[in-house]
Amino acid sequence: MRTWNATVQKVSKRLWDIGRMAWDRLILTGAPPTPENYALWYHATGGTVEGLPEAMAELAQAGMLAQPGALDSIQARFFPNGIKAGGDGPAPAPTPEAKPAETRPSSLSLVYRVSGEAGDIMEAASAALSQADKANSGYAETLAGLQPTHIDTPSSLKSAIRLLTEETDKVIGENTALREQLDGLSARLKALREELAGTQTELGRAQANLSEARIAAETDALTHLPNRRRFEQDLSALLRSADGRFCLVLADIDFFKNFNDQHGHVMGDQVLRLVAQGLARRVEKLGRAYRFGGEEFALLIRDLPVAKVFELCEAIRRDVATREVVNRSTAQPLGRITLSAGITAARIGEEADTIIDRADRALYAAKNQGRNRVICDPPLAPPA
Numbered sequence: 155m156r157t158w159n160a161t162v163q164k165v166s167k168r169l170w171d172i173g174r175m176a177w178d179r180l181i182l183t184g185a186p187p188t189p190e191n192y193a194l195w196y197h198a199t200g201g202t203v204e205g206l207p208e209a210m211a212e213l214a215q216a217g218m219l220a221q222p223g224a225l226d227s228i229q230a231r232f233f234p235n236g237i238k239a240g241g242d243g244p245a246p247a248p249t250p251e252a253k254p255a256e257t258r259p260s261s262l263s264l265v266y267r268v269s270g271e272a273g274d275i276m277e278a279a280s281a282a283l284s285q286a287d288k289a290n291s292g293y294a295e296t297l298a299g300l301q302p303t304h305i306d307t308p309s310s311l312k313s314a315i316r317l318l319t320e321e322t323d324k325v326i327g328e329n330t331a332l333r334e335q336l337d338g339l340s341a342r343l344k345a346l347r348e349e350l351a352g353t354q355t356e357l358g359r360a361q362a363n364l365s366e367a368r369i370a371a372e373t374d375a376l377t378h379l380p381n382r383r384r385f386e387q388d389l390s391a392l393l394r395s396a397d398g399r400f401c402l403v404l405a406d407i408d409f410f411k412n413f414n415d416q417h418g419h420v421m422g423d424q425v426l427r428l429v430a431q432g433l434a435r436r437v438e439k440l441g442r443a444y445r446f447g448g449e450e451f452a453l454l455i456r457d458l459p460v461a462k463v464f465e466l467c468e469a470i471r472r473d474v475a476t477r478e479v480v481n482r483s484t485a486q487p488l489g490r491i492t493l494s495a496g497i498t499a500a501r502i503g504e505e506a507d508t509i510i511d512r513a514d515r516a517l518y519a520a521k522n523q524g525r526n527r528v529i530c531d532p533p534l535a536p537p538a
């Protein structure tokens, strides 16, 4: 019984985890937190509708989940007759875009049903054992009543033997029936345990799919750096931390549009990946690099004074400026690129928009002063 309860509790915890993760994913997309949108994410997370998790992952990979109507289009595709906020959800009607989706009972309803059946089995077993105990007690009383002093004639001996035989056969029959009943209850419990184990496997698969979708939704597909959404999450967490000791760097590739126009988007993508790899490698042990958008990158550096962050950014700037960009297909040299950056240190209690605006001002100051340079806001004090 203890093992059974532990199994049910384990599956129930996974269901709660999936419910929380579905809600987190909905909020992360910025879509309205309606019951329908939550139900959509719950079905996608729990894997109750074939093809739905993959469709959601594709949208996340393309960065389209936050676009207006994105979740509505998914609902229309997989749930043309509407979607319920809980339970098993309706069986989707066939659509030109997808074959009819196979629906399965929800994991939560399965746990409730299996838990209820298990309770019924336990009650039945308890009742059967109680009945057997009464029968055995009656047999003991019969034996106690057959005292040798009462068997003093052939007739009384014959009656005693007949009574003992009848009671013995009765107890044997009742115990045989009890054993058959308990064997049946044991078989039912085994079947329920196997059904619950299957649900655990499905939930584990759903959690793995959700983890993959979460990573895809927070990663830039081109550079493989964390994207703007993940940057905003990490920045908010740092601003909420007790010490708030970190620096924000915004960096931008100079004249990137000109490079793109002259050499094409394929070479432009190669440059973005090259810069991204360099930034990630430089700050690996100090913080994290992000693709902020377009040709702009962000760095979050913890527990390092602004002067040291400035030295780090200067080293990155020099490294980028001295590298020759080469067309990998033709080995043709394409010249060099440069990087401008703005640095600012966090201030306790400030909002995310405030520190981003300050770093952005420093970046544009670097642009306005000729590019290929690093500027701090406020400016660094001159060395003594």
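Positions in the sequence shown are counted from 1; adding 154 to them yields my numbering. A virtual CB, placed ideally from N, CA and C, is assigned to each residue, including glycine.
Query, Result
"Where Ser-227 falls: helix, strand or coil (DSSP)", "helix"
"Nearest-angstrom Cα separation, counted from Val-474 out to Gly-398", "30 Å"
"Residues bridged to Glu-478 [DSSP beta-bridge criterion]", "Arg-490"
"Spatial distance of Arg-427 from Thr-377 (CA atoms)", "5 Å"
"Beta-carbon separation (whole angstroms), Ala-137 vs Phe-385, contact threshold 8 Å", "Only positions 155 to 538 of the chain appear in the structure, and residue 137 is not among them; the question remains open."
"Where Ile-539 falls: helix, strand or coil (DSSP)", "The first residue shown for the chain is 155 and the last is 538, placing residue 539 beyond what the model contains."
"Close beta carbons around Asp-514, own chain, < 8 Å, minus the five adjacent residues each side", "Leu-404 and Gly-496"
"Buried or exposed (CB count within 10 angstroms, at least 16 for buried), Val-463", "buried"
"Beta carbon of Arg-456 nearer than 9 Å to that of Gly-432", "no"
"Residue span of the alpha helix (DSSP H) that contains Val-437, given as start and end", "419-437"
"Sequence-distant residues of its chain with Cβ nearer than 6 Å to Ile-529 (five each side left out)", "Gly-496, Ala-516, Ala-519 and Ala-520"
"Beta-carbon spacing of Arg-490, Asp-374 below 9 Å", "no"
"Whether Asp-388 touches Glu-449 by CB criterion (9 Å)", "no"
"Sub-9 Å separation of Leu-402 and Ala-535 beta-carbons", "no"
"Per-residue DSSP class, three states only, for Arg-445", "strand"
"Residues bridged to Ile-407 (per DSSP)", "Leu-493"
"DSSP three-state assignment for Ile-502, whether helix, strand or coil", "coil"
"Buried or exposed by the 16-neighbour rule on C-beta atoms within 10 Å, applied to Thr-134", "No statement about residue 134 is possible, as the shown extent of the chain runs from 155 to 538 and does not include it."
"First and last residue of the uninterrupted beta strand (DSSP E) at Glu-204", "First-last for Glu-204: undefined, no H or E at that position."
"Neighbour flag for Pro-234 against chain B, beta carbons, 9 Å", "Checking the listed chains, one finds no chain B in this structure; it contains a single protein chain."
"Classification of Val-425 by the beta-carbon crowding that lies within 10 angstroms, buried from 16 upward", "buried"
"Element boundaries [alpha helix (DSSP H), containing Leu-389]", "382-394"
"Same chain, Cβ closer than 6 Å to Arg-512, neighbours up to 5 away in sequence not counted", "Thr-498 and Asp-531"
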